[in-house]
Structures are given as C-alpha cells and as structure tokens.
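In the order they appear, the protein sequences are chains A and B.
Take any residue in the first sequence, note its place counting from 1, add 412, and you have its number in this note's numbering.
Take any residue in the second sequence, note its place counting from 1, add 7, and you have its number in this note's numbering.
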Amino acid sequence: MTLYRNLTIRQKQIVWAWAFLAIPVLFYGVIRFYPTGTAVVISFQNWNLLGDRTWAGLENYRELWNDPVFWKVFRNTFAYLLIGTPVSLLLSFVIAYHLDKLRFMHGFLRMLYFLPFMTSAVAMAWVWRWFYQGVPIGLFNNLLASVGIAQIEFLNSTTNALPAVLAPAVWAGLGFQVIIFMAGLRAIPTSYYEAAKIDGVGWWTVLTQITLPLLKPTIVFIVVLSSIGFLRIFDHVFNMTTNNPGGPLNATKPLVLMIYDTAFNGFNMGYAAAQTVVLFTILLIVSLIQLYLLRSD
Amino acid sequence: MADLTLKALSKSYGETKVLHGIDLDVADGEFIVFVGPSGCGKSTTLRMIAGLEEVSGGEISIDGRVVNHLEPKDRDIAMVFQNYAIYPHMSVKKNIAFGLRSSNMSKPDKEARIAEVAGILDMTDLLERKPSQLSGGQRQRVAIGRAMVRDPAVFLFDEPLSNLDAQLRTQMRLEIKKLHQRVGNTIIFVTHDQVEAMTMADRIVIMKDGHIQQIGTPDEVYHRPDTTFVGQFIGAPSMNMLAAELTDGVLKIEGGTEIKLAHEATGKVLLGVRPDDLRAGAEPVLIEGQVMLREPLGPDTLIYLETPAGEVIARASGRHPPQLGDVVSLGADEDCLHLFDATSGVRLP
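Dropping the structure here:
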C-alpha cells in the first residue's frame with residue numbers, strides 16, 4: 413500500500429489505466445493476436461488437424477503461387493471488391509443525396525433502405541436464390557418472360573454468377589452506407605449552400621466543389637469499410653451456391669470460401685493458413701492505401 | 008450601388024406570422040443596421056432580401072426593380088454569414104474566386120479583381136492559406152472579401168461579428184465601417200447587439216415581434232425613442248421606467264415627487280429616464296432611494312437603488328460615488344425625461 417501511496421498522481425493514473433486496460437488487452441492477446449500469430453506459423457507447416465505438425469518451409473506458398481484455382485479465386489475476390497465498392501458507393505450516395513432533400517415519407521423510406529442491413533444474410537441469400545430461378549419459379553425470369561425476353565441463367569452461368577451473387581451483397585450493405593452518407597450530408601452547414609446560391613453557381617459545381625470535397629472523410633470511411641467487407645465476402649456466396657459452393661466452376665469463389673474449403677473439407681491447415689496470410693496482407697495493404705489517401709489532406 | 012425598398016413585406020410559416028408587413032426605404036450607399044432581440048424577424052428580413060426565403064407578401068425592390076421572384080444570384084447582392092461560410096477545403100484565393108465563378112469576367116480580369124480585393128482587406132500574403140490556418144478575424148475578412156469581389160449593389164451582413172471575441176469584435180466593427188466609407192456600397196447589417204448598431208449605422212431599424220419599432224439615426228433612437236421598448240433596448244444599462252400620472256401639467260411619480268411639466272396630455276404615463284441622465288442632486292428631483300449595489304466601471308460607477316417605485320439605476324461619478332446604504336435624491340434635466348403612454352408604450356408627443 414505504501415508503495416502505491418508513494419507514486420505521483422501521474423503514475424497512479426497510469427496504474428489505474430493499465431488496471432482497466434488489462435482485460436481488453438488480455439482478450440485481444442488471446443483471442444486475436446495469438447491465433448493470428450499461430451496462423452502465420454501454421455502457414456509454414458503441414459497439418460491435417462489430427463496428426464503432428466511438420467515444417468514445410470515455403471512449400472504452401474509455392475503451391476499457392478502455382479495453383480490455378482488460387483489465381484481464379486484471387487481475381488474473383490478483386491472483382492467483388494472492384495465492382496462492389498464503387499457500385500455500392502455510387503448507389504448509396506445517390507440515394508442519400510436525394511433522400512436528404514426529401515421530406516415526404518422520409519423516415520419510412522430510410523427504414524426501407526436500412527431493413528436489408530438488419531436481415532440475416534442467409535435468409536436474404538435464399539430469397540435472392542429464389543428470385544434468380546428459371547420460369548415458372550423465379551421472379552426475374554418470370555418478369556422477363558412476361559415481356560418476351562429470353563431467360564437468363566443467373567446462377568448457373570460462369571459469367572453471370574458473380575454479379576448475381578454480388579447484387580444482394582451490395583443491396584444488403586446499402587442501408588448502412590446511406591445512413592452514414594446522410595449523416596455526412598447533414599453535417600455540412602446549410603450556409604455553405606446558401607453562399608453558393610448567392611454566388612449563383614450551378615448544382616453540378618455545388619456537388620463537385622462543395623458537397624463531395626466536404627464529404628471526403630465520410631467517403632473514405634465507407635470505402636474502407638465496404639472494401640474490407642467485399643474482400644471478406646463469404647456468407648452470400650456460400651448460401652447462394654450451396655449445392656456447389658463457389659461454383660459454377662469456381663466462378664463465384666472468393667478467397668475466404670477457398671480458405672474454408674481447404675481447411676474444413678480438405679483438412680489442409682497449412683495451405684489454408686497460407687491463404688489466410690495472403691488475404692490478411694491484401695486487407696492490410698488496401699486499408700493502408702486508403703488511410704494514406706485519407707491523411708493526404 | 009443602389010437603393011433598396013421594402014413595401015409591406017411580410018412572412019409567415021404556415022399559420023405563424025413572423026413578419027407583419029414592414030416598410031423601409033434605404034438610400035444608395037446607406038449603412039442600415041437591423042437590431043432587435045432574437046426572434047424579432049431581423050434575420051428573416053435579411054434572408055428575404057437575399058432571396059434565401061420566399062416572400063409571403065409585399066415587395067422588395069433593389070434599384071427600382073422588384074426582385075421578389077428573382078434568384079439570389081440575379082439580385083446583385085452579396086452576403087456575409089454568421090459562421091462565415093468559407094469553404095474549409097479551398098485556399099483563401101479560391102474562396103474569394105468562388106464569388107466570381109458565375110461571372111463573365113476574363114481570367115486576367117478575375118485575377119486582378121481578386122488581387123484588388125485582397126489589397127483592400129490587407130490579405131495579399133494570406134491568399135494561398137487554408138481557412139484552418141487563419142485567425143477568426145482573418146476568416147471574417149475572407150468572408151467579406153468573397154462578398155466584395157463581385158462588387159454587389161447591396162451587402163448583407165448576418166450577425167457577422169457574433170462569433171468573435173470582444174476585442175476582435177470592436178476591431179472588426181471599425182474595419183467594416185472604414186470599408187463602407189471606402190467602397191460606399193449600400194449595407195444592410197443584422198445584429199442583436201445595440202452597441203454594434205449604435206456605432207456602425209447611418210440609420211438603425213429596431214425590430215420586435217415582426218414589427219418595426221423605430222427607424223432613425225443612432226442619435227434619434229437614443230435621444231428620442233418612439234416606444235418604451237426602444238428606450239430600454241438601446242443604451243446600457245437600460246432606461247428606468249417609472250409609473251406616473253399626468254394631470255394639468257403636473258407629473259406625479261408613483262413613489263416619487265411631483266414636478267411641473269408643460270405637457271397637454273393627461274392620464275397614466277410611463278416616465279423614462281436614462282441612468283446616465285439621472286444624477287444625485289440634479290433638479291428637478293424625481294425620486295429618492297437607498298444605494299443597494301455599486302458597479303465601479305472606472306470613469307463612473309453604476310449605482311442600483313431601492314426606491315418606493317422599485318429598482319432604479321443611476322450613473323454616479325467614478326471618484327466619489329455614494330456609499331452603500333446612502334439615501335440619495337435623484338433628479339434629471341427636463342430635456343432628458345421621456346413620457347410614454349402607460350398602456351401602448353408609445354411616446355407622447
């Protein structure tokens with residue numbers, strides 16, 4: 413006790429700070445960092461979950477480099493990212509921009525956009541699967557048939573499947589992004605717009621010179637968040653292609669699904685861990701680039 | 008440069024009427040200050056002149072041209088906002104240039120105009136800075152610069168000094184006044200601060216509850232307030248109001264003395280006397296009271312007295328003020344007495 417009493421106020425504050433930090437630090441250490449470290453270690457080993465771990469050196473990474481499926485999956489993952497992020501960003505901005513100006517049924521519309529975000533991805537994926545079925549079951553093909561357009565194989569075609577899986581994923585995240593965008597739009601003082609009105613500039617100038625630059629922090633936030641989301645896409649793909657996860661012919665398979673497959677169907681933990689490390693590295697690089705862009709102002 | 012006329016201008020939001028038909032003629036180059044407590048309709052009036060609020064009734068004309076239905080940009084006005092509305096992501100120069108975006112000026116002309124305005128406002132070496140690197144007063148000047156650059160017929164200022172600290176406010180007050188003398192444009196300036204109104208205006212428009220109470224020069228509104236509201240709103244501390252009755256040229260002050268007054272009106276009145284005019288030992292004596300509180304201000308001391316008619320404030324000398332508890336007889340020159348109708352609060356002629 414005397415030891416504590418002899419500390420300066422500053423030192424006492426530090427002691428208390430660490431006392432309160434201890435639990436989260438411990439939690440993060442055990443639940444986050446320890447498994448992450450282990451995953452990195454395992455990526456240099458061979459292990460089938462039951463047997464002994466044996467060192468494999470860079471063998472797992474070499475295998476990955478030479479695996480055509482990995483490159484296919486790698487391209488898919490970036491397709492999800494590079495189509496999903498801009499499309500969802502654009503859609504959510506356009507919706508938020510107009511919803512912000514709308515007074516009539518504002519709350520109700522906002523709720524409609526937010527609803528999918530609260531819905532379980534599994535339920536949603538299954539509903540969309542039904543939408544995508546052929547005549548006479550699927551909603552979209554029935555609509556097409558009623559106006560005399562040929563059927564579209566949404567989930568069974570190697571070219572259509574990825575966008576078809578991506579669409580509900582974009583839709584599901586839209587509500588959240590709209591809310592964030594609206595908060596960002598509301599934070600811009602109205603006097604900025606009034607000043608522009610008095611200066612007589614057009615709406616396009618107002619949008620590009622005032623609204624968008626002032627929304628930059630919001631945009632970066634949404635881009636980072638949705639990029640991470642699309643790079644880690646799994647549940648939508650898995651549930652919409654359950655008969656043949658990631659199919660047809662790996663056309664929709666993202667990296668996380670490949671990791672899952674390698675680990676829990678192939679029981680090749682070392683190889684799965686190597687894929688995890690690659691995914692981790694990609695996420696890290698993408699996030700760092702985006703953070704750099706945020707700070708550059 | 009131009010004159011500005013408001014004719015029976017009114018504004019309502021749904022059922023609520025916030026402006027009850029106001030009339031005002033502003034001459035070319037005049038500095039007009041709208042002053043009043045919050046909610047009196049002064050900012051609404053300004054925003055209607057700017058074209059940021061719809062006109063519910065009446066007419067606004069600038070330079071003889073009715074502008075009710077014109078877009079703000081076509082009204083030949085510029086506005087300085089309370090929060091300055093300068094864009095944080097643009098340099099000072101870009102902010103000022105923003106005011107010229109819609110003009111047909113050639114690029115070199117624009118550059119020259121920006122340089123000229125920067126010169127007038129003493130900001131030439133700040134042009135490349137971002138607003139975050141500027142002090143409050145400098146930001147204020149950028150906002151004024153953006154308004155000036157278009158050389159509008161009428162400048163509108165919406166409480167532009169209320170975000171500044173006291174010292175800077177005094178300084179900017181002077182700068183705006185000097186600027187007005189230099190460029191000579193018509194200015195409409197909205198404030199809730201009567202000191203700003205008194206010091207800057209050519210004429211003051213005092214508003215309350217959507218009505219104009221009085222329009223006049225600072226001298227007129229101070230020395231001849233039209234209503235009790237104006238008397239108490241202009242000047243600090245505010246005018247003492249004593250209930251009194253006037254009969255046959257004799258004014259009987261409730262709780263005070265009786266004095267002879269050459270006045271024809273009869274009946275219940277309110278007697279207004281400014282603390283500055285109320286002095287110990289002055290003739291005629293109006294009321295007697297005990298000093299309860301003193302506020303020394305240096306050159307003089309404000310004394311708060313308890314009288315049979317309630318609290319009365321007077322200004323006493325700073326060197327030899329009465330002591331707490333002293334009983335003082337207060338009087339004032341006859342010229343300094345203001346009589347108002349007791350019910351309507353309107354000045355008796």
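The beta-carbon is built from N, C-alpha and C at its ideal position, and this holds for glycine as well.
Please read these numbers as outputs of a predicted model, since none were measured by experiment.
- Close to chain B, meaning a Cβ-Cβ distance shorter than 7 Å, are the following residues of the region 592-617 of chain A: Pro601, Ser603, Tyr604, Glu606, Ala607, Lys609, Ile610, Asp611, Gly612, Val613, Thr617.
- The beta-bridge partner set that DSSP reports for Lys665(A) is empty.
- About 5 Å separates the Cβ atoms of Val334(B) and Gln297(B), confirming a contact at the 8 Å cut-off.
- Under the 10 Å beta carbon count, Val156(B) is surrounded by 16 or more other beta carbons and is classified as buried.
- The residue among Ile622(A), Trp583(A), Met594(A), Ala491(A) with its C-alpha nearest the C-alpha of Leu574(A) is Ala491(A).
- Minimum Cα-Cα distance from Tyr94(B) among the listed residues Lys267(B), Thr23(B), Ser139(B) corresponds to Ser139(B).
- Ile194(B) is outside the set of residues whose beta carbon lies under 9 Å from a beta carbon in chain A.
- Look at Glu313(B) here: in three-state DSSP terms it is strand.
- The beta carbon of Ile183(B) sits closer than 7 Å to the beta carbons of Met207 from its chain, once the five residues preceding and following it are set aside; these are given in chain order.
- With 16 or more other Cβ atoms inside 10 Å of its own Cβ, Glu606(A) counts as buried.
- Between the region 458-466 of chain A and the region 608-616 of chain A there are fewer than three inter-stretch CB-CB distances shorter than 8 Å, so the stretches are not counted as touching.
- For His230(B), the enclosing alpha helix (DSSP H) has its first and last residue at 225-230.
- Residue-level contact check: Ser45(B) does not touch chain A, since none of the beta carbons of chain A fall below 9 Å from its beta carbon.
- Not a single C-beta of chain B is nearer than 9 Å to the C-beta of Pro528(A).
- DSSP assignment within the region 154-215 of chain B yields the following whole beta strand (DSSP E) runs of 3 residues or more, N-terminal first: 161-165, 193-198, 210-215.
- By the Cβ test, the region 281-292 of chain B is in contact with the region 334-345 of chain B, since at least three Cβ pairs between them sit closer than 8 Å.
- Here the alpha carbon of Asn111(B) sits roughly 9 Å from the alpha carbon of Lys117(B).
- Identification of residues in the region 50-72 of chain B having a C-beta nearer than 7 Å to some C-beta of chain A yields Ala57, Leu59, given in sequence order.
- Judged by pairs of C-beta atoms under 8 Å, the region 219-234 of chain B does not touch the region 186-200 of chain B, as fewer than three such pairs exist.
- DSSP lists Met214(B) as the bridge partner or partners of Ile219(B).
- For the set Met536(A), Phe505(A), Asn458(A), Leu433(A), the Cα lying nearest the Cα of Ala595(A) is the one of Phe505(A).
- For the pair Leu293(B) and Ala339(B), the Cα-to-Cα distance works out to about 7 Å.
- For Gly106(B), the nearest beta carbon of chain A is closer than 9 Å to its own beta carbon.
- Residues of the region 622-637 of chain A whose Cβ lies closer than 9 Å to any Cβ of chain B, in chain order: Ile622, Pro625, Leu626, Lys628.
- The C-beta distance from Gln589(A) to Ser532(A) rounds to 19 Å, too long to meet the 8 Å contact threshold.
- The residue from Leu26(B), Phe38(B), Leu59(B), Glu37(B) with its alpha-carbon nearest to that of Gly46(B) is Leu26(B).
- For the C-beta of Ala9(B), not a single chain A residue is nearer than 7 Å; the gap to the nearest is close to 16 Å.
- In this structure, the beta-carbon distance from Ala684(A) to Gly678(A) falls below 9 Å.
- Sequence-distant partners of Pro291(B) (beyond 5 residues in either direction) whose C-beta falls short of 6 Å from its own C-beta, in its chain, are Ile266, Gly338.
- In terms of Cβ geometry, Leu277(B) and Ala250(B) form a close pair [threshold 9 Å].
- Runs of the alpha helix (DSSP H) lying entirely within the region 32-62 of chain B and spanning at least 4 residues, in chain order: 49-57.
- When 7 Å is used as the limit between beta carbons, His96(B) is near these residues of chain A: Pro625, Leu626, in chain order.
- Among the residues facing chain A, Pro138(B) is not included, as its CB has no counterpart in that chain under 9 Å away.
- Contact between the region 502-519 of chain A and the region 20-40 of chain B is absent, with fewer than three C-beta pairs closer than 8 Å.
- Out of Ile697(A), Thr664(A), Ile421(A), Ser699(A), the CA that lies nearest to the CA of Val481(A) is found in Thr664(A).
- In the structure shown, Gly585(A) adopts helical secondary structure according to DSSP, grouped into three states.
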